[in-house]
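With the sequence shown counted from 1, adding 16 to any position gets you the numbering used here.
Here the structure is laid out as C-alpha cells; the discussion comes afterwards.
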Amino acid sequence: MNEPLHDGGAFGRDDGDVPNDADAGQDGFRALSSDTNPLHCNAEYAAQKGYPSPVVYGMLVASLLSTLAGVYLPGENSLLQSVNVKFHAPSFVRDTLTVSGTIAEKYDELNMIVVKAVVRNQRSEKVASAKVQVGVRS
17 MNEPLHDGGA FGRDDGDVPN DADAGQDGFR ALSSDTNPLH CNAEYAAQKG
67 YPSPVVYGML VASLLSTLAG VYLPGENSLL QSVNVKFHAP SFVRDTLTVS
117 GTIAEKYDEL NMIVVKAVVR NQRSEKVASA KVQVGVRS
C-alpha cells in the first residue's frame, strides 16, 4: 500500500495507468460508459477535427482525483464527498499525466478535508484542476 498523507501535506505523483496505457483506459471507459463519441475512439476523426490523437475522456482524467484521495491524500480511510473539476485543455492518448494535491482545509469536527488538486501533462500544461471534498473515516 502506498504511504498516505493525513495532516496538511502536499502530494504529487505520476500515475502509471493513464500515461502508460491510455488506449486500454479509453477502451475500458468506453465500455463502462457507452460513450462512443468518435473524438475519443477514432484517430482519423480526431485528426480531422485538428487533434493529434483521440482525446482522453475527461472523466477518465478526473478519475485520477479518486486515486489521489483514495490511495494517498488521505488514503484508504477516505470517501469522496464531492468533486468540482474544471478542464483547462484536452489530454490525448499517450500523454503522461501527473496529479498533485494539497490539503487546503481540514475540519476535524466533520472528519473532512478539502484537497485542491491539479492534473498536468508531460509539457507541464494544466489540463484539469479540482476542489475535492473528502470524508476521513477512522
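For every residue, glycine included, the Cβ atom is placed at its ideal position computed from N, Cα and C.
Mind checking who residue i pairs with in its DSSP beta bridge?
i      : result
Phe170 : Given that the chain is displayed from residue 17 to residue 154, the structure contains no residue 170 and the question cannot be resolved.
Arg136 : Thr114, Lys142
Gln149 : Ser98, Val130
Val71  : Phe108
What are the boundary residues of the alpha helix (DSSP H) that includes residue i?
i      : result
Val87  : Run containing Val87: none; DSSP gives neither H nor E here.
Glu121 : Per DSSP, Glu121 belongs to no alpha helix (DSSP H); it is in the beta strand (DSSP E), 114 to 123.
Leu126 : Per DSSP, Leu126 belongs to no alpha helix (DSSP H) and is neither H nor E.
Quick check on this structure: which residue in the options has the alpha carbon closest to the alpha carbon of residue i?
i      : options                      : result
Lys132 : Asn58, Leu81, Tyr67, Gly41   : Leu81
Gln97  : Gly41, Asn127, His104, Ser49 : Asn127
Ser49  : Pro70, Met75, Thr83          : Met75
His56  : Val72, Ser116, Ile129        : Val72
Tyr67  : Ala105, Thr52, Asn100        : Ala105
Val150 : Lys142, Pro90, Val101        : Pro90
Val101 : Gly44, Lys147, Thr52, Asp51  : Lys147
Tyr88  : Val99, Asn53, Thr118         : Thr118
If I follow the unbroken beta strand (DSSP E) through residue i, where does it start and stop?
i     : result
Lys65 : Note, Lys65: premise wrong, no beta strand (DSSP E); not H, not E.
Verify whether the separation of the beta carbon atoms of residue i and residue j is less than 9 Å.
i      : j      : result
Phe103 : Ala47  : no
Thr112 : Asn93  : no
Met109 : Ser140 : Per the sequence shown, residue 109 should be read as Val rather than Met. Going by C-beta atoms, Val109 is not nearer than 9 Å to Ser140.
Val134 : Ser107 : no
Lys122 : Val130 : yes
Ala120 : Val99  : no
Arg153 : Leu84  : no
Pro54  : Ala63  : no
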